[in-house]
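If you count by numbering that gives the first Met the number 0, then the sequence shown holds residues 0 to 399, one letter each, in order.
We put the beta carbon where it would ideally sit given N, CA and C, even for glycine.
Below: the structure, in structure tokens.
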Amino acid sequence: MFNRILIANRGEIACRIIKTLRELNICSIAVYSYADKYSKHALIADEAYCLGNSPAVDSYLNIDKIVSLAKKYNIDAVHPGYGFLSENSNFAKTLESAGIKFIGPTTKTIEVMGNKALAKEFMKKAMVPLLPGGIIKDDNSNLDNLVSMIGYPMLIKASCGGGGKGMRIVYKKSELIPAIESCRREALGAFGDSCLLAEKFLTAARHIEIQIAADQQGNVIHLFERDCSLQRRHQKVIEEAPAIDMNQEIKEKMFACVTHATNQLGYEGVGTFEFLVEDNAFYFLEVNTRLQVEHPVTEMITGIDIVKLQIEIANGIAIPFTQNEITNSGHAIECRIYAEDPANDFLPATGTIEYIQEQTATDIRIDNGVTTGTNVSMFYDPMLSKVIAYGKDRDTAVNN
Numbered sequence: 000m001f002n003r004i005l006i007a008n009r010g011e012i013a014c015r016i017i018k019t020l021r022e023l024n025i026c027s028i029a030v031y032s033y034a035d036k037y038s039k040h041a042l043i044a045d046e047a048y049c050l051g052n053s054p055a056v057d058s059y060l061n062i063d064k065i066v067s068l069a070k071k072y073n074i075d076a077v078h079p080g081y082g083f084l085s086e087n088s089n090f091a092k093t094l095e096s097a098g099i100k101f102i103g104p105t106t107k108t109i110e111v112m113g114n115k116a117l118a119k120e121f122m123k124k125a126m127v128p129l130l131p132g133g134i135i136k137d138d139n140s141n142l143d144n145l146v147s148m149i150g151y152p153m154l155i156k157a158s159c160g161g162g163g164k165g166m167r168i169v170y171k172k173s174e175l176i177p178a179i180e181s182c183r184r185e186a187l188g189a190f191g192d193s194c195l196l197a198e199k200f201l202t203a204a205r206h207i208e209i210q211i212a213a214d215q216q217g218n219v220i221h222l223f224e225r226d227c228s229l230q231r232r233h234q235k236v237i238e239e240a241p242a243i244d245m246n247q248e249i250k251e252k253m254f255a256c257v258t259h260a261t262n263q264l265g266y267e268g269v270g271t272f273e274f275l276v277e278d279n280a281f282y283f284l285e286v287n288t289r290l291q292v293e294h295p296v297t298e299m300i301t302g303i304d305i306v307k308l309q310i311e312i313a314n315g316i317a318i319p320f321t322q323n324e325i326t327n328s329g330h331a332i333e334c335r336i337y338a339e340d341p342a343n344d345f346l347p348a349t350g351t352i353e354y355i356q357e358q359t360a361t362d363i364r365i366d367n368g369v370t371t372g373t374n375v376s377m378f379y380d381p382m383l384s385k386v387i388a389y390g391k392d393r394d395t396a397v398n399n
């Protein structure tokens, strides 16, 4: 097993990873920026080292600094968490060249699944259902063909990236060109790539995702589904597992579909297949080649520590259970807690957390990245923590 793991992240997910490392008796090494010097993840890790200036580009996105620290302090493996460099193939490749294990899929898998156009091309070959759509050419010369194939409403979105950036819904022809131009600018600024996709927009779809894991021995499992339909600005806010009022036959088809596609990918590690589901049909959205923000709801209903599973797979250990041995019991709901100003259109808010008291009930889990006195800065995502409620059924989970 690895002896020293560096967490290339911050906030609640860094704290979450440290918890599992402590249980595995693995030394946890945190990194932090100037703004995060007194942050919770830097304080609770076994060791913590400064990356420098506060902007993410100078700290948590600075590959050279992170790899240099990893080499200097004899790191065996790096856990990227989510966001930042978690799906950056160059980061994984640079670590690999330095003889340090990246806890995640192979560089090739990250590259293919990180590009929505390439991912859809792969899934088409793997017989995974897709929405009608295609790449918008740089000169827009194929727009008429795409409109004829897709119809309205359609969704314009960045080929590289996510999080709702570079994404617009188009309901009529007069909105199309302005939406494309806006998405191109946004995608280029956020991801450094202005390539766009157009696809059919489903007006009443549910956002359903399947958690998978695959080891180096070729074993593939799924950990059932999550419902992430409740979103704001194309970003998830509340997630739950399992998905209620969903046809079991459709679920089984989705499980079989993702298991086959995972095998075809030669996947290694944990990941998530995201789908839109409408009228008992499902359509591929993307594969997230990392730990998801909402992974706790799956952990609550299965009893499986997904971070531990990630670390074991990266260390060459086979998945210790078969698909038939995995059960799901009860219901779990997660709510993300943000630092926002409700009087200012819920824009991110900064300041100092004056007081925080965590719930200690048995069926409540809090994945927290802050403490009393934490300074919430302008440099990073405003999500502070997650509250996860569990119950024997959905009503119980809601009431908890």
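Pick helix, strand or coil for residue i, following the three-state DSSP scheme.
i	result
K164	coil
Q356	coil
S173	helix
R454	With the chain covering 0 to 399 only, the question about residue 454 has no answer from this structure.
L201	coil
E185	helix
A212	strand
L84	coil
M299	helix
C14	helix
K36	coil
Can residue i and residue j be called in contact, C-beta distance under 8 Å?
i	j	result
V296	E238	yes
G51	Y72	no
G268	Q309	yes
I355	G329	no
S158	C194	yes
I109	E86	yes
Y266	A213	yes
E224	A203	no
G390	D362	yes
Q291	Y59	no
S27	I6	yes
E293	E333	yes
I25	F1	yes
I99	A313	no
If you draw a straight line from the C-alpha of residue i to the C-alpha of residue j, how long is it?
i	j	result
Y337	P79	21 Å
E22	R3	13 Å
V66	G10	20 Å
T288	D394	32 Å
A47	K39	11 Å
V77	V146	44 Å
A41	V30	7 Å
S140	E277	31 Å
P128	F283	6 Å
L346	F121	38 Å
L130	I43	45 Å
Y170	A189	25 Å
I303	V219	15 Å
G315	L175	49 Å
G156	H233	It should be noted that the sequence gives Lys, not Gly, for residue 156. About 11 Å.
M377	T106	32 Å
Using only alpha-carbon positions, find the residue among the options that is nearest to residue i.
i	options	result
D35	A388, V369 and K107	V369
G133	N144, M126, A125 and K124	N144
G270	A242, M245, V306 and G302	V306
R205	N279, E298, L196 and F1	N279
E208	L175, K250, R232 and I179	K250
K385	R15, M253, N8 and F190	R15
K164	S173, L187 and A360	L187
V380	G98, S53, I17 and F1	Here the sequence assigns Asp to residue 380, which means Val is not the residue at that position. When each option's Cα is compared against that of D380, the closest is S53.
G372	Y151, K92, F378 and E353	E353
What are the start and end residues of each continuous alpha helix (DSSP H) run of 4 or more residues lying completely inside the stretch 227-289, in chain order? 247-264
Runs of beta strand (DSSP E) lying entirely within the stretch 89-164, each at least 3 residues, in chain order: 132-135 and 153-157
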